[in-house]
Amino acid sequence: MHVPSHLEFRDVAGGNAVVVEGTALTERASSDPEVEGRTMFVSRNDFNSADMTIALPQQDDLAYFSLSFKFIPDSADGNDVLVRSIADIGGNNNAGSFNLGTDNGGVVGQLGDQDSQQFSNTESTLKTHSCNHVALTVDNGTLTLFVNGEASSAITIDAESYTDLGDMLQFWPFSGKIWDVRLYEGVLAYDDIMALGGSKCNESMIATSPYDGYNNYLCSVYQCEWWPDDTDKAMTNFEHYIVAQERVWERNIFEAGMYGQGELCRYFSDEGSTRDLQLSEGISNTFVKDYTLESNPLTQANAQHWMHENFHSYQGRLNRVTGQSSGKYTLESSASWGADHNIPGVNDSLLGHYTLHPHITLWAIQDSPVDHQYGHEFKGGHQYGAYIFWSWLTNYAVSKDLMGGVFRDSRDGLNDLEAANAYMAAQGHDMKALFADFAAHITTWDMVESVAYQASEEASLRRMLDVSPEAGTHDNKFTQIFNYEGTGNNWTDMDTGYVPGSWAFNAFKVKGITEDSNYTIAVKVDAENNPAHADFRGRAVVYNPSTGARSYYPFDIDSSGETSGTTIPVPADHELYALVVTTPDTFRDFEFYDYDFAIYPSGGDVKVDPIGEAPAGDVVKVVVMAGQSNMEGNNTRLDRLQELICHANADYTFGDVDCGSTVISNDQISAQFINNTDSLIDYDHRVGSDSDDPIVQKLGQFLCRAGSLDSLSGETCNSREFDLTDRLFATISSYYFSTSEGSYGYNYDAWQQMSTAMGVAEAYSDGQLSSDIEAVRDDVTVLQYQGSLNDTGSLSFSERYGSLFPNYGVSTNRYGPELTLGHYLGEEIESDLLLLKVVQGGTDLRVDWKVPGCHDSAVNEWTEDEESQDSLYTAMLEKIEALRNPEVLVSYFPQYKNKSIEIDSFIWFQGWNDGGNAVNENNYEANLTCLVNGVREALNDYDLPIVITKSHYGDVHGAVQSAQQNVAGNTYNVEAHDTDDLSGYFHYDPAAQLVIGKRMMEARDRLR
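Numbering (this note's numbering), first residue to last: 221 to 1228.
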């Protein structure tokens, strides 16, 4: 079975492949040049800041082996290392060392002595927009290098060159993409090399075409495109098309989940390519010919049609897999969502057909019976503009795979929106509340891409005026706009043309407020004539047009006909927006929901009971969590958490695992150890020199019990006796749970990675590892403030916020240490609790987190660019200060109305990127002291508890760990705690992250 490297990191092929797959374990978010640096794009194959180490065969087998992989360099003429042996890690060309890289447009390499064993292949010029394939074979002293199917002249190597090669190959950080890495015990035949990619990565060869007459092609990571001989398009057009298709493939499949349940592997072939694209004349003329990477790439300004139509292809393929069909509303709104998902804020001149007529039923299409409503002339565009609801959900509320879930999951008779509602409910979300929050946010365009969305809305209005100037109304965004008096002391009837349909809303605006006032919003629904399943939500927004600050006030609306509403404060020179939102218990048909309303400065004679008022002076405790990717939470998929919960709880259900059992089944043992030689290789390699190391001893003990060793002193081999809460669990977490190939870079091989056991035992011991940990916890909230640095040294931030559940890792459905920290502190702290995570992966303390005015620039050796670069430390303090504003706080968390924040403690989890850099290491203690003192001074709390979570174990981090411990030892009310005994490389594994959160809590408690 072939499992693509971007999906799995384990050997599942069997046969003669020692290591079948592997790719970067870290992902780099980089500005996508194809959209003018406008959109952040994460590629799972980007090696610019990644590395991967794989084990070589046994020394005796090195006389016959083959290496195969594919790559795309960022630059065609760059000089960069692709892969090297472990003997060359220090940059020294020792006898027996090996490296392979790019130079002058070709692939060059060296084996052993620098003068006598160099080899190269520049016959096939490297390409930067489609795949390059490399195969290297060693056949009993003869080395041959194949690049895109072209063989170099074979060279003769002596036995010492490969005998002393070492036991690891490392794919070093490389400027480009690397994928589909395969290492074989044996010599690949030429036909094998062609099948692995030699032919498809060389467009001058004739690969077998899936389409008659389409003999021209380009292949990349996921797809191949094919076109006929008589095309009049330029190669630059085809290069753009394959690059664009690759980008949307990653986002639509991996992020949006647009694949059949359990069908992901079927999207890949043995050659690593997922699908063939037939560029017919119609496709070429519409989506290929007008675009090039250099002069006319897809951008926010021009990509909507291309991306919209492209998403339809994913819908169609998924519908064919599932056998389910979707309605026109879902097909068109989700296709426009696909465009906005791939290029956020993409210009869409149909957006306003929805946002300027929000009282029309959400799922209205061309033939919907809404012709008595204002704006009905534009109902055909309503379904397209309604994508903005999906965008708001996937950007601010639920995971991005919501769209895939709607198309993929079994419907059981549900229509599209009913399926979406069920999907969100399963994740702990209330779609009614989310829709009301969405309505409040788009009323003043309180979204990251607000400027772009406003521009699209204005373009829509111009389009409607041009197409249908005779229409009764074109802009119905506000049902009515009032001066400061509002409606006065009178109930106001709804105009029939504005009575909202299902899942729709009316927005009322009050302007000209010149003095501080309390405003009452009152609603009385027509219970006698409304449908029986009528339901309403109320939202109010107080907006400062000078600063853009907003405060949000949710309020209940009684559907039985009783008067309801709220009273809220509105400062002078602010605007008030009142929204009445329909959220009926149905997603079918076209019904309408009437009501009367009043909005006025308090003192009128309409009596309401204010709802949702919080006592003044309430405090929200804030724990500030700052650091890099290990604080974000990287390798913590939700299914791994569920598997851990399963083993701790007999009443839990997770696949076919025997929940509540700490017994490892014989099938698992066989698959992961008896039939997997990696662990035995690691043990054999280390036991000679490190036999006293407790981790090596544990590995040997486990291999003996698994039956991989015939005998071991003091043990009964092949007993199959294991307990997941024992320290032996470290071994299982390295291979079985994390499904890794067992070895990583920076000299990390499996025995070092297997360094926790206590982690899982701790998580099991006190009952915290239960299903409660994956549920939404409303008394604890999280605001993840995730930084990104552009090429000019300026920071921008993305945000995710809401109630605590496994969602605030590096991406949705992942978690960091905030998960257990929040659960433990939520039980301890009586006040509301907010965890503010200020994070950015790959950052160092010296430059990225520098404290202005504290450092000696001569000691830190900053360059001019480094000194002027934005600081995450400064941004963190600015965010804390912003949250002190009640309006800002309530804009994130409406439940914190009339509350103020109080900083409870500060937790620092960083250090990896400073290790191995002499300047960073030498200054780390002074720089961290600056940060600790700077935080306390800025917050005016010189006793603030500060926890330092020390960087993971590793030789290159000894200096950083010592510096962290010194700062804790020399500074009042600061404690450092270890993570050395926790597994999972520098990002840790799911169990380790749970324990880190617990240890953070314990250290914080000791300081208070």
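We treat Cβ as the ideally placed atom computed from N, Cα and C, and that holds for glycine.
Boundaries of the alpha helix (DSSP H) harbouring residue 660: 651–663, taken from the DSSP string. Contact between residue 358 and residue 289 does not hold, since the beta-carbon distance rounds to 15 Å and is not under 8 Å. Residue nearest to residue 265 within the set 351, 300, 808 is 351 (criterion: CA-CA distance). When C-alpha distances from residue 1063 are compared across 1115, 846, 454, the shortest belongs to 846. In this chain, the alpha helix (DSSP H) harbouring residue 1153 covers 1138–1159. In this structure, the beta-carbon distance from residue 851 to residue 1044 does not fall below 7 Å. The DSSP-derived three-state label of residue 850 is helix. Secondary structure of residue 940 (DSSP, three-state): coil. Within the stretch 524–551, the runs of alpha helix (DSSP H) that reach at least 4 residues and sit entirely inside it are, in chain order, 524–542.
Scanning its chain for C-beta atoms nearer than 8 Å, with the 5 sequence neighbours on each side dropped, one finds around residue 710 the residues 818, in chain order. Secondary structure note for residue 614: its alpha helix (DSSP H) is the uninterrupted segment 607–616. Residue pairing for residue 997: DSSP places it in a beta bridge opposite 1024.
Of the candidates 1219, 600, 399, 997, the residue whose Cα lies closest to the Cα of residue 1168 is 1219. Ranked by Cα distance from residue 457, the options 1060, 516, 1068 are led by 516. Between the alpha carbons of residue 523 and residue 699 lies a gap of roughly 32 Å. The count of Cβ pairs closer than 8 Å, one atom from the stretch 1119–1130 and one from the stretch 1159–1166, reaches three, so the stretches are in contact.
Residue state for residue 683 is assigned as helix, using DSSP reduced to three classes.
For residue 284, DSSP records a beta bridge to 359. For residue 445, the three-state secondary structure derived from DSSP is strand. The criterion of a C-beta distance shorter than 7 Å is satisfied by residue 440 and residue 466. Taking the CA atoms as reference points, residue 433 sits about 8 Å from residue 449. Under the three-state reduction of DSSP output, residue 757 falls in the strand class. Annotated three-state conformation of residue 1210 is helix, per DSSP.
Membership of residue 575 in the alpha helix (DSSP H) is indicated by the continuous run 572–575. Collapsing the DSSP output to three states places residue 920 in a helix. The continuous beta strand (DSSP E) containing residue 1195 extends over residues 1194–1197.
Annotated three-state conformation of residue 478 is coil, per DSSP. Bridge pairing for residue 339: 329 [DSSP]. Here residue 588 is near residue 599, since their CB atoms are less than 7 Å apart.
In this structure the stretch 1134–1147 does not lie against the stretch 1102–1111, because fewer than three pairs of beta carbons, one per stretch, are closer than 8 Å. For residue 770, the three-state secondary structure derived from DSSP is strand. The three-state secondary structure of residue 1033, taken from DSSP, is coil. Per DSSP, reduced to three states, the secondary structure at residue 1178 is helical. Going by DSSP, residue 641 is part of the alpha helix (DSSP H) stretching over 636–646. Here residue 598 carries a helix assignment [DSSP, helix/strand/coil]. Sequence-distant Cβ neighbours of residue 808 in its own chain, meaning closer than 6 Å and more than five residues away, do not exist here.
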